[in-house]
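Asks: Handing you this structure, nothing more for now.
Protein chains: 2
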Amino acid sequence: MARAGLTADRVTLAGAELADEVGLDHVTMSAVARRLGVKDASLYVHVRGLEDLRGRIALLAADEKTIRIAEATAGRAGKDALVAFANAWRAYAHDHPGRYTATQIPTQIDPELAARAPGPRRAVELTYSMLRAYALAEPDLTDAVRLVRSTLHGFVSLEAAGGFAHARPSEASWARCLDALHALLEHWPAPCEGDPS
Amino acid sequence: MARAGLTADRVTLAGAELADEVGLDHVTMSAVARRLGVKDASLYVHVRGLEDLRGRIALLAADEKTIRIAEATAGRAGKDALVAFANAWRAYAHDHPGRYTATQIPTQIDPELAARAPGPRRAVELTYSMLRAYALAEPDLTDAVRLVRSTLHGFVSLEAAGGFAHARPSEASWARCLDALHALLEHWPAPCEGDPS
DNA sequence: GGGATAACCTAGGGATATTAGGTTATGGTT
DNA sequence: AACCATAACCTAATATCCCTAGGTTATCCC
């Protein structure tokens, strides 16, 4: 009998493709096995189980998203970089809705596996280096990084969940939100009185 | 045999409680039935199925979150209102992690059911009225509403997913992000050249 | 060619989602 | 107070799913 040539990465990829096509929570061991022309049990050699598979999809998505962002922002700085960064983020979420939702799941990813995946850490590092142009000092820099990531993720997430009414195209709001973020980063406020920094 | 006195709302509530305790994707028909002391099949009288139940949990969460925000912001204005609004949002997500994740799921909620639930719409309205203090004109107002909602949701979501390293307490970043949002709303930028408004 | 390794399979247990159809409590009617 | 219609709840059954245990067979290396 011919071997399918499975590997953990190929199983993960099949799961990721399936997630984009039918939604993450229709990604089942059986469905992935069918897509690969293999029996369910064969997957457990490469993947610990469904939970593990979902974690791997999340890490794959983080890696892919990071690569796209890195390519988009290469050689850019200032607002140019911010816009490229944000658009790459959003485009990835649009292109791979299933993969993207996998990244949001508060699942317990195998730490050893997570350590091998550069995506999540690199994504944060990229955000830091993109924000260097705005000359923020710590701890403001960290706060700004978290705000930018929160806003981008939140917008994309709400958009995907249909959170924006149809009155105004979300495209237009997106562009203006990036304007606003840029302005904010250029004029990052001092801590308010009473705030422990 | 004594009746359990089930109703769609009671089933939804049981599911919501379970979601907060064991995580949304461990909410199963069987588990909800067990918690209610009832057989699985009995639930289908009140709820169309698992998908429907999750949608109902999401709507319940939206309603509850909206009520909390309304109470927290009552009688406040300006930054005071913004902070109260944001803290109520975040507190709800912390208190009810399962319910909150239900709101993020891009599930197809029964439109007739969604129309009956005031939560999501009211939440947006509350955001609008909170932002009136900043005197923004449309379409900037809508964009600002979307930005604020994106940032709050994104922060809470990333925080729940463990997206923030432990280097700096997320609590501190949260406070500074609210400072930043307030400053941004007070100095909302004009559209950049080349942007269609 | 002959192991050793690992890829893949068969078989099966336990849990779940959902439907169909039967039984019994409950509230209003007379 | 008996009665009846409604709907709440149950039994039974099917299909699917996750996962484990243990057996076969392809593939690689000597």
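Protein chains in written order, with the UniProt record's numbering: chain Y, 1 to 197; chain B, 1 to 197.
Positions of the beta carbon are idealized from the N, C-alpha and C atoms, including for glycine.
Does the structure place the segment 52-64 of chain Y close enough to the segment 13-32 of chain Y that three or more beta carbon pairs sit under 8 angstroms?
Replies: The answer is yes - the segment 52-64 of chain Y touches the segment 13-32 of chain Y, with three or more Cβ pairs under 8 angstroms.
Asks: Strictly below 9 angstroms CB to CB, what residues from chain Y border W89 of chain B?
Replies: What W89 of chain B touches in chain Y: nothing, since even the nearest Cβ is about 11 angstroms away.
Asks: Straight-line CA distance for E51 of chain B to R122 of chain B?
Replies: Cα to Cα, E51 of chain B sits roughly 24 angstroms from R122 of chain B.
Asks: Listed from N- to C-terminal order along the chain, which residues in the segment 157-173 of chain Y have their beta-carbon within a distance smaller than 8 angstroms of any beta-carbon of chain B?
Replies: Of all residues in the segment 157-173 of chain Y, S157, L158, A160, A161, G162, G163, F164, A165, A167, R168, S170, A172 and S173 have a Cβ within less than 8 angstroms of some Cβ in chain B.
Asks: Please report the straight-line C-alpha distance between R90 of chain B and S42 of chain Y, rounded to a whole angstrom.
Replies: Cα-Cα distance, rounded: 43 angstroms.
Asks: Leaving aside the five residues before and after F164 of chain Y along the sequence, list all residues of the same chain whose C-beta is less than 8 angstroms from its C-beta, in chain order.
Replies: If we look at F164 of chain Y and ignore the five residues flanking it on each side, its Cβ neighbours are L158, S170 and S173.
Asks: Could you round the C-beta distance between residue 198 of chain Y and L185 of chain Y to whole angstroms and report it? I think they count as a contact, below 8 angstroms.
Replies: Because chain Y is modelled from 1 through 197, residue 198 of chain Y falls outside the range shown and cannot be assessed.
Asks: Using only CA atoms, which one of Y:A93, Y:R168 and Y:P139 lies nearest to G154 of chain Y?
Replies: The shortest C-alpha separation from G154 of chain Y is found at Y:A93.
Asks: Does the beta carbon of T101 of chain Y come closer than 8 angstroms to any beta carbon on chain B?
Replies: Closer than 8 angstroms to some Cβ of chain B, the Cβ of T101 of chain Y qualifies, so yes.
Asks: Please list the partners that G154 of chain B has in chain Y, where partner means a Cβ-to-Cβ separation under 8 angstroms.
Replies: Ordered by position in chain Y, the residues that pass the 8 angstroms Cβ test against G154 of chain B are R149, S150, T151, L152, H153, G154, F155 and S157.
Asks: Quick one: what does DSSP say L6 of chain Y is sitting in, helix, strand or coil?
Replies: In this structure, L6 of chain Y counts as coil in the three-state DSSP scheme.
Asks: Which residues, in order along the segment 18-38 of chain Y, keep a beta-carbon less than 8 angstroms from a beta-carbon of chain B?
Replies: Residues G23 and D25.
Asks: Let's test the definition: count the other Cβ atoms within 10 Å of the Cβ of P111 of chain B and tell me whether it reaches 16, buried, or not, exposed.
Replies: Burial call: exposed.
Asks: Over what stretch of residues does the alpha helix (DSSP H) that includes V32 of chain B continue unbroken?
Replies: Run containing V32 of chain B: M29 to L36, per the alpha helix (DSSP H) assignment.
Asks: Ends of the alpha helix (DSSP H) at R176 of chain B?
Replies: First-last of the alpha helix (DSSP H) with R176 of chain B: S170 to E186.
Asks: Name the chain Y residues whose beta carbon is nearer than 8 angstroms to that of D179 of chain B?
Replies: Those are P189, P191, C192 and D195, listed as they occur along chain Y.
Asks: What number of angstroms, rounded off, separates the C-alpha of C192 of chain Y from the C-alpha of A183 of chain B?
Replies: Distance between the alpha carbons of C192 of chain Y and A183 of chain B is about 10 angstroms.
Asks: With a CB to CB cut of under 7 angstroms and the five nearest residues on each side skipped, what residues in its chain are close to A160 of chain Y?
Replies: For A160 of chain Y, where only same-chain residues beyond five positions count, the Cβ hits under 7 angstroms are A93 and P97.
Asks: Exposed or buried, T127 of chain Y, counting other C-beta atoms within 10 Å across all chains shown (16 or more means buried)?
Replies: By the 10 Å Cβ count, T127 of chain Y comes out buried.
Asks: Output yes if chain B places a C-beta closer than 8 angstroms to the C-beta of T127 of chain Y; else output no.
Replies: Cβ-Cβ to chain B under 8 angstroms: no for T127 of chain Y.
Asks: Can you confirm whether A183 of chain B, when its beta carbon is compared against all beta carbons of chain Y, has any partner nearer than 8 angstroms?
Replies: So yes, A183 of chain B belongs to the interface.
Asks: What span of residues does the alpha helix (DSSP H) with Q104 of chain B cover, start to end?
Replies: P97 to Q104 is the extent of the alpha helix (DSSP H) around Q104 of chain B.
Asks: Go ahead and label R99 of chain B buried or exposed: buried means 16 or more other beta carbons lie within 10 angstroms of its beta carbon, across all protein chains shown.
Replies: When all chains shown are included, R99 of chain B counts as buried.
Asks: So, for T101 of chain Y: in the same chain, excluding its five sequence neighbours on each side, which residues have a beta-carbon less than 6 angstroms away from its beta-carbon?
Replies: Answer for T101 of chain Y: L24, listed in chain order.
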